[in-house]
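Heads up: the structure comes next, in structure tokens.
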Amino acid sequence: MNTARPAHSTGHFTLRVTEGESTVETKGNCRFRNAASTTQTLQQASSATTTQSSGQAASFQTIRVGETVNGTLSSSDSLYPDNTYFKFYQFTAPSGPVTVDLASDDFDPVLIIRGDDLGNSIINDDGGPGCAARVSRTFPGRGPYRILVNTTSTPPRQTGRFSLSIMQGSSPTRDDDNSNCGQRGAGASRGAAHQR
170 MNTARPAHST GHFTLRVTEG ESTVETKGNC RFRNAASTTQ TLQQASSATT
220 TQSSGQAASF QTIRVGETVN GTLSSSDSLY PDNTYFKFYQ FTAPSGPVTV
270 DLASDDFDPV LIIRGDDLGN SIINDDGGPG CAARVSRTFP GRGPYRILVN
320 TTSTPPRQTG RFSLSIMQGS SPTRDDDNSN CGQRGAGASR GAAHQR
């Protein structure tokens, strides 16, 4: 029996993402160790090379504190391994607290915030009013921080209109699971609460 640990591999690696059936993966940080034995977060190192389902590179749209952006998630947007579509936004954090809200009447919104100075992604589902997602906090630096406008994974590939806003100051957030969000009107494609 060989109990020796495998040697660390170094070099260039290619990560391919394809559509189709696969095991649902947790949304979070994948960590790789490089030759200098430092840990680097894959999502932070490769954020500029995320690919949309159409094969085009995903781009960041800028949103400023005090601004609201109305948009649409569609089948031409980037696709996560759990078969959810997402759009990227980027913002610079002010000093002091900031509140990021994501709301939709068409899908169950999930808000994901990433930054080089964040230990892990910040993920929120149903923390705002109604079924809206909300993150309210003081960020450790100015950023830039990346926002992924996302949906719950059930049902897969939800699309529709959304509103994303960033306001200076703190707002209350809910910690409870709002199970009513998965049971909205007949015209809305809704998903259940989940952890990623």
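Anchor point for the sequence shown: position 78 equals 247 in this note's numbering, and the numbering is continuous, going up by one each time.
In this text, a Cβ means the ideal position worked out from N, Cα and C, and glycines have one as well.
In the DSSP annotation of this structure, R343 is not part of any beta strand (DSSP E), being labelled neither H nor E. In the DSSP annotation of this structure, the continuous segment of the beta strand (DSSP E) that includes I282 starts and ends at 278-284.
Of the residues I316, R326, P325, D344, the one whose Cα lies closest to the Cα of V234 is I316. Annotated three-state conformation of L287 is coil, per DSSP.
The three-state secondary structure of D294, taken from DSSP, is strand. It is roughly 7 Å from the alpha-carbon of F331 to the alpha-carbon of D274.
For the 9 Å CB-CB criterion, S247 and F260 do not form a contact.
For D344, the number of other beta carbons within 10 angstroms of its own is below 16, and it is reported as exposed.
Put simply, the backbone Cα of A272 is about 9 Å away from that of D295. Counting other Cβ atoms within 10 Å of its Cβ, R283 reaches 16 or more and is therefore classed as buried.
Pairing R326 with S243, the inter-Cα distance amounts to about 9 Å. Distance from the CA atom of T323 to the CA atom of P263, rounded to whole angstroms, is 34 Å.
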